[in-house]
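According to my numbering, the sequence shown is numbered sequentially starting from 227.
All C-beta atoms, glycine included, are put in the ideal place defined by N, C-alpha and C.
Keep in mind it's a predicted model, so treat the numbers as computed, not measured.
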Amino acid sequence: MAGGNKRERCYKPITIESAWDDLLQDARNIQLYGLHTSHRKSLRGAQKVVKGLSTGAEARDYKHFLNIIHRDCGIEVMFVVSSSVGIVRFSRFSAKVRKAFLDRLRSEGKVAISRCGNFEENTKEWFPETEVLHYHHVDESPQTQTHTIFENAFTQGFEFVFGNSICYTIYKQMAQAARYTVLTGAIKMSFPIRGSTDCSLCLVIPASWVAAVAKALFDVDVESDGETRYIIHKVKIYPDPKYPLTGISTTLIPPVFGENIASAMLASSKREEEVEKSIEKTDCVSMTWTSDPDEDGIINIILGLERSVELCNILY
């Protein structure tokens, strides 16, 4: 019809129930009939996002969404979600549905997906192990040209270096070592090439542990309303965009981080300077987190150089 308007496509609102039902139905269909064209299209889009080939706010949000699923539910669940919830469908999820979908995946995703079948071979084909590594990167030092950086510490040395307490809260990830894939911790040690005599040790703390660690170390109450994370201190204090916590009693360091970290921290020039000024609480330990309840926290510890080299040899 001349001059007629193009027909606009109308979508029904996506609810958590419909998203979940579609996910399980897609999982069953893949197991019974193989990948449909629509599944392959969604997976190709997810591959581009994971490899960093897609840009823009929506791609960034979708990558973060997949990162969380991979971290909390495993790579096979991430494969099934990627085939069912492509970036286009994901863009139609409201913030409320996205959160509810992630919560449900965490609570029952592995079991529900496994009941639909085994997706190990499909996962290896579309997301080889090496392509989904290193989702979480500690913020790069602004002086990386003057520092030697070590990342992805082997977990075998965790207990010796950190003791038992903090080991369970450090983010773990798979990394490639020669021909093998090994479990590592998201730990970065930064050594100065010249000038400063201290080493910086950064630990990534999973989002689910941020509140507990903040309370244990800094005695602050971090809470979340589901969409935003904040501090309760008479009033709500919101990070903008990040919120650093500093000032920790030195008596807390041995039971939380272990005797080796405590002694290395006491040997730092920064702590020696604090002692000379009779400063009881130390700024050698700090923690940074954001208002996003799904984003991990970062702990930074200043250590003396000589002891840091010994610990580095154990971790790496």
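**Asked** Around the Cβ of G452, are there at least 16 other Cβ atoms within 10 angstroms (buried) or fewer (exposed)?
**Response** exposed
**Asked** Mapping DSSP to helix, strand and coil, what is R235?
**Response** Low confidence applies here, because R235 scores a pLDDT of 48, under 50, leaving its location unreliable; read the following figure in that light. Note: R235 maps to coil in three-state DSSP.
**Item:** N-terminal and C-terminal residue of the alpha helix (DSSP H) that V501 is part of
**Value:** S495 to E502
**Message:** With DSSP as the reference, identify every bridge partner of D447, one or two as the case may be.
**Reply:** I458
**Asked** By Cβ distance below 6 Å, which residues in the same chain neighbour S495 in space, the five residues on each side in sequence not counted?
**Response** T423 and D424
**Prompt:** Given that a residue counts as buried once 16 or more other Cβ atoms are within 10 Å of its Cβ, and exposed if not, what is V307?
**Reply:** buried
**Prompt:** Can you give the Cα-Cα distance for I524 and F380, rounded to whole angstroms?
**Reply:** 18 Å
**Message:** By alpha-carbon positions, which one of P519, E385, N486 and S512 ends up nearest to E449?
**Reply:** P519
**Item:** Complete runs of the beta strand (DSSP E) confined to the region 323-360 [at least 3 residues]
**Value:** none
**Asked** Excluding five sequence neighbours on each side, which residues of the same chain lie with their C-beta closer than 6 Å to the C-beta of D298?
**Response** R332
**Request:** Out of L427, G282 and D329, point me to the one whose CA is closest to R533's CA.
**Result:** L427
**Prompt:** Under a Cβ-count criterion, where at least 16 other Cβ atoms within 10 Å of its own Cβ denotes burial, should G282 be classed as buried or exposed?
**Reply:** exposed
**Item:** Through-space distance from K267 to G312, alpha-carbon basis
**Value:** 8 Å
**Request:** Classify V167 as helix, strand or coil using the three-state DSSP reduction.
**Result:** The shown model of the chain, from 227 to 542, leaves out residue 167, and the question about it has no answer.
**Request:** Please name the residue, chosen from R318, R324, E498 and I540, that lies closest to G530 on a Cα-to-Cα basis.
**Result:** E498
**Asked** Out of curiosity, what's the CA-to-CA distance linking E351 and I505?
**Response** 56 Å
**Per-residue burial, V337 [other beta carbons within 10 Å of its own, 16 or more giving buried]** = exposed
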